[in-house]
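If you use my numbering, the sequence shown corresponds to residues 184 to 758, in order. Beta carbons: idealized from backbone N, C-alpha and C, even for Gly. The model shown is predicted, which means the values in this text are computed figures rather than measured ones. Reviewing the structure listed below.
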Amino acid sequence: MQSAAIGDIFVSSGLISQEHLAQALEKQRQLKTQEPIGELLVSMGLITERDRVRCLGEQWGVSYVDLAEIRIPEDVTAAVTQELARRFKVIPIAREDKRVTLAMKNPLDIFAIDEIRLITGKEVEAVIATEEDIINAISANYRTEVNVNEAVSEVMRDLDEAAIEITAGDADEDNITIEQLKELSGEAPVVRLTNMIISRGITDKASDIHVEPSKDTVRIRYRIDGILHDGMTLPKKAQASITSRLKIMAAMDIAEKRAPQDGRISATIEGKPYDFRVSTLPAVFGEKIVMRVLDKSNISVGLHKLGLLPYTFEMFESMISRTYGIILVTGPTGSGKSTTLYSVLSKLNSGEKNIITIEDPVEYELSGITQSMVNNRAGMTFAAGLRSMLRQDPNIIMVGEMRDQETAMIAIEAALTGHLVISTLHTNDAPGAVARLLDMGIESFMIASSVIGVMAQRLLRTVCAKCKEQYTPPKDAIKRLGMNLDILDKGEVTFYRGRGCDVCKGSGYKGRTGVYELMPVTDKVRELVLARASSYAIREAAIEAGMRTLKDDAMEKILLGITTLEESLRVIYSG
Numbered sequence: 184m185q186s187a188a189i190g191d192i193f194v195s196s197g198l199i200s201q202e203h204l205a206q207a208l209e210k211q212r213q214l215k216t217q218e219p220i221g222e223l224l225v226s227m228g229l230i231t232e233r234d235r236v237r238c239l240g241e242q243w244g245v246s247y248v249d250l251a252e253i254r255i256p257e258d259v260t261a262a263v264t265q266e267l268a269r270r271f272k273v274i275p276i277a278r279e280d281k282r283v284t285l286a287m288k289n290p291l292d293i294f295a296i297d298e299i300r301l302i303t304g305k306e307v308e309a310v311i312a313t314e315e316d317i318i319n320a321i322s323a324n325y326r327t328e329v330n331v332n333e334a335v336s337e338v339m340r341d342l343d344e345a346a347i348e349i350t351a352g353d354a355d356e357d358n359i360t361i362e363q364l365k366e367l368s369g370e371a372p373v374v375r376l377t378n379m380i381i382s383r384g385i386t387d388k389a390s391d392i393h394v395e396p397s398k399d400t401v402r403i404r405y406r407i408d409g410i411l412h413d414g415m416t417l418p419k420k421a422q423a424s425i426t427s428r429l430k431i432m433a434a435m436d437i438a439e440k441r442a443p444q445d446g447r448i449s450a451t452i453e454g455k456p457y458d459f460r461v462s463t464l465p466a467v468f469g470e471k472i473v474m475r476v477l478d479k480s481n482i483s484v485g486l487h488k489l490g491l492l493p494y495t496f497e498m499f500e501s502m503i504s505r506t507y508g509i510i511l512v513t514g515p516t517g518s519g520k521s522t523t524l525y526s527v528l529s530k531l532n533s534g535e536k537n538i539i540t541i542e543d544p545v546e547y548e549l550s551g552i553t554q555s556m557v558n559n560r561a562g563m564t565f566a567a568g569l570r571s572m573l574r575q576d577p578n579i580i581m582v583g584e585m586r587d588q589e590t591a592m593i594a595i596e597a598a599l600t601g602h603l604v605i606s607t608l609h610t611n612d613a614p615g616a617v618a619r620l621l622d623m624g625i626e627s628f629m630i631a632s633s634v635i636g637v638m639a640q641r642l643l644r645t646v647c648a649k650c651k652e653q654y655t656p657p658k659d660a661i662k663r664l665g666m667n668l669d670i671l672d673k674g675e676v677t678f679y680r681g682r683g684c685d686v687c688k689g690s691g692y693k694g695r696t697g698v699y700e701l702m703p704v705t706d707k708v709r710e711l712v713l714a715r716a717s718s719y720a721i722r723e724a725a726i727e728a729g730m731r732t733l734k735d736d737a738m739e740k741i742l743l744g745i746t747t748l749e750e751s752l753r754v755i756y757s758g
């Protein structure tokens, strides 16, 4: 009954039509799912998460607040500790003498309200906000940026007090015994400093954490939204102990300093599970360490959250619903291909299909899916793993990457014998995937018969919602993206950018979204593939059939105020 009531609110608010609601309810019945109708509508791309939460507040009689639109004074956040805010996913937005207003993920959580009432001694007025907005607001308003240097100094004082004296230079480091390194890396100050380096990366939503030794210092840098930012600079004498601590956590050999190593760290931070893929590289001034941050909660990212526009979303959802054929996702390193693949697998993981993957390495663990990892030393290559998988009665196969002819050949044969195969290729655009397969030595008739779609993608930084403002872009930037200059003169469209604030660290951007180019293999495209036509000819045929290019997709997101002209030029034209 609740589903129908909330569904009626969506309709009466003008967010969806009665037909859309009927479609969602029918889908709910077909899937036999307990997923609330609001979440189902979000996954179908019919409403946004903010719309869902706002209407939920209306149903519950609770006010909705858009946290991206308000600034919370420091004396207000002081009403609730950071630990309480993170535990209950709440943030205070207003306070009076005897009352505090809390933005909550679940304003009906009486246990959270009672505990906060007892601790603060104030009455609690609950309002509703999206979970993502609450987490972002906690990170922005409880930041201890000013205290980072103080914390580093304190840790270094503790190191001095503990008589940990490691002088700079490889010669001196080589004289330290393994026992000493283990002892140093286990000292409380070193543990605290290492934890601070990692937790800072988590707070800033970094995708990678770099520990880079130089002649006199150790520099910590974080890759945030695809751009490297300086984090902190540590004294050289902390290098050996930090390096050893991270290598022990990643189950590496701390005695081996002259050869690269790979390892993995699993940790739960603030109640969320994370994996860190750790890589060391011997360099002139010591080992450089890079940690790739893998947020396990990201594996549940639905297709609707990837940034697919409705037209592309509908076409892609139709493709992945097929029972056989190959779907390829292309783009350079760091363009979000893995996230797209995992989102597809999560969508298809209904429990009624046998899904098997071969990856290098396995980035996220998915329950209900058999995942295997490449191990070249043991002879477990992509091709060998793929051959074995075909004897495991699979319905859906995911191949991390098509690197060679043998792997591509087996994958195509699997697609032709009734399996759905999804994989990645390194090409700049969707039509280029055909040329890449031909270069690998795959026959054109096999490509035409097996490939059902190719999706090229990039990641663009999104405009910070907190400091978003209108502006007039330079005409040469508009011209480079192929937009008509007349619309600027006539004032027919509005452009946005971020002014720069504390939330986005002055960059004007916060978060990223995908831009996509989805090429369905139509009969016309198939004919051109068979004729071994150029990528240009294939592209023209795909555009005639309705394909929107990366440039078109980026332009639409600019006009929607999601990203900026400058960011699109940086990403689309550099890739």
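Would you give the residue range spanned by the beta strand (DSSP E) that residue i belongs to?
i	result
S462	K455 to A466
L477	G469 to D478
M556	T553 to M556
V307	E306 to I311
D445	Q444 to I452
V582	I579 to V582
By Cβ distance, which residues of its chain are closer than 8 Å to residue i, with the 5 residues on each side in sequence left out?
i	result
I381	I392, A450, I452, F459 and M474
G601	T506 and Y507
Q588	M623, G624 and I625
V708	M702, I721, A724, A725 and A728
M563	S555, M556 and V557
L229	L198, I199, H203 and A207
Considering just the uninterrupted stretch of the alpha helix (DSSP H) at residue i, what are its terminal residues?
i	result
P493	P493 to I503
S751	L748 to I755
E548	Run containing E548: none; DSSP gives neither H nor E here.
I437	Taken as a continuous stretch (DSSP letters only), I437 belongs to no alpha helix (DSSP H), as it is neither H nor E.
Y507	Taken as a continuous stretch (DSSP letters only), Y507 belongs to no alpha helix (DSSP H), as it is neither H nor E.
T522	K520 to L531
E298	I293 to T303
I630	S627 to S633
M176	The structure shown does not extend to residue 176, since the chain is modelled only from 184 through 758, so no value can be given for it.
G240	E232 to W243
I199	That residue, I199, is in no alpha helix (DSSP H); it is neither H nor E in DSSP.
Apart from the five residues on each side of it in sequence, which residues of its chain come closer than 6 Å, Cβ to Cβ, to residue i?
i	result
N319	none
A616	L511, T513, L608, T610 and V637
N358	In this predicted model, N358 has a pLDDT of only 49, less than 50, meaning its place in the structure is not dependable enough to derive any value.
I293	none
D355	Only weak support exists for where D355 lies, its pLDDT of 46 falling under 50; the value from the coordinates is given anyway. Within the same chain, D355 has no close Cβ partners at all.
I509	A598, V604, S633 and V634
T705	A728
A648	A251
F271	A295
I503	V527
A351	Confidence is the limiting factor: at A351 the pLDDT is only 40, short of 50, which leaves the residue's position unreliable and the question unanswerable from this model.
DSSP beta-bridge partners for residue i?
i	result
F678	Y654
T513	L608 and A639
G190	None; G190 has no bridge partner.
A286	I274 and V310
T696	L643
T133	Any answer about residue 133 is impossible in this case: the structure gives the chain only from 184 up to 758.
A389	I407
Is it the case that the Cβ atoms of residue i and residue j are separated by a distance below 8 Å?
i	j	result
D543	V557	yes
R505	I635	yes
R641	S518	yes
P651	V698	As written in the sequence, residue 651 is Lys, which differs from the Pro given in the question. Their beta carbons are not under 8 Å apart, which means K651 does not touch V698 by this criterion.
A268	I321	yes
I425	L376	yes
L569	I593	yes
A389	D316	no
A323	V686	yes
A639	E700	yes
G691	R680	yes
R406	G414	no
E232	I192	no
V646	T746	yes
Which same chain residues, not among the five before or five after residue i, have their C-beta less than 7 Å away from its C-beta?
i	result
G689	G683
A434	G446
S521	E546
R300	E306 and V307
Whole alpha helix (DSSP H) elements within the segment 393–432, 4-residue minimum: 422–432
Start-end ranges of the alpha helix (DSSP H) lying completely within the segment 704–742, minimum 4 residues: The segment 704–742 contains these whole alpha helix (DSSP H) runs: 706–713, 718–727 and 733–742.
Uninterrupted beta strand (DSSP E) stretches inside the segment 245–282 (no shorter than 3 residues): 273–278
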